[in-house]
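Just so we're aligned: 48 in the UniProt record's numbering is position 48 of the sequence shown, and the numbers increase by one with no gaps anywhere.
Reading through the structure tokens given below for one structure.
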Amino acid sequence: MKDILCPICKEPMRNPVSVNCGHNFCENCIDQYFEKWSEVAKMLCPVCRVRNKKESIRLNWQLKSLVDKVILQTTRGCLSAEHPSAPAKSTYQWP
1 MKDILCPICK
11 EPMRNPVSVN
21 CGHNFCENCI
31 DQYFEKWSEV
41 AKMLCPVCRV
51 RNKKESIRLN
61 WQLKSLVDKV
71 ILQTTRGCLS
81 AEHPSAPAKS
91 TYQWP
């Protein structure tokens with residue numbers, strides 16, 4: 001689950017994008033971050049501090065698909081460890 005969280009907002013990534021250094025962020029988060037820092041001409045990755053260009057931002061379709069699947073699964077409830085596509089069995093004993 002940690003891999004789908006945006007390093008800026010700490011939420012599951014919305015429209016995940018990659019920058020040149022390979023780190024991923026929500027599209028809106030990194031746009032706002034770069035907008036803020038473009039005033040001082042330092043558009044550094046918030047994770048590794050490598051210089052990036054705003055034009056290098058690209059949608060990460062594979063990560064978007066993964067995030068969408070994880071969100072869908074978590075909204076359906078917990079999943080079984082034995083069968084990731086099957087709902088977890090309840091251990092609750094009815095009286």
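Don't be surprised by glycine CBs; every beta carbon is placed ideally from N, CA and C.
| Query | Result |
| --- | --- |
| The beta strand (DSSP E) enclosing Glu24, as first and last residue numbers | Looking at the sequence shown, residue 24 is not Glu but Asn. Its beta strand (DSSP E) spans residues Asn24 to Cys26. |
| Close beta carbons around Met43, own chain, < 8 Å, minus the five adjacent residues each side | Phe34, Trp37, Arg51, Asn52, Lys53 and Lys54 |
| Val19 beta carbon less than 7 Å from that of Ser56 | yes |
| Alpha helix (DSSP H) segment containing residue 162, residue limits | Nothing in the structure corresponds to residue 162, since the chain is present only between 1 and 95. |
| Neighbourhood of Val67 by C-beta distance below 7 Å, restricted to the same chain and skipping five residues each side | Ile4, Pro12, Met13 and Pro16 |
| Residue closest to Asn60, alpha-carbon to alpha-carbon, out of Ile8, Cys9, His23 and Lys2 | His23 |
| Cys26 vs Cys6 beta-carbon contact at 7 Å | yes |
| Contact set for Cys29: own chain, Cβ-Cβ below 8 Å, skip 5 residues either direction | Cys6, Ile8 and Cys9 |
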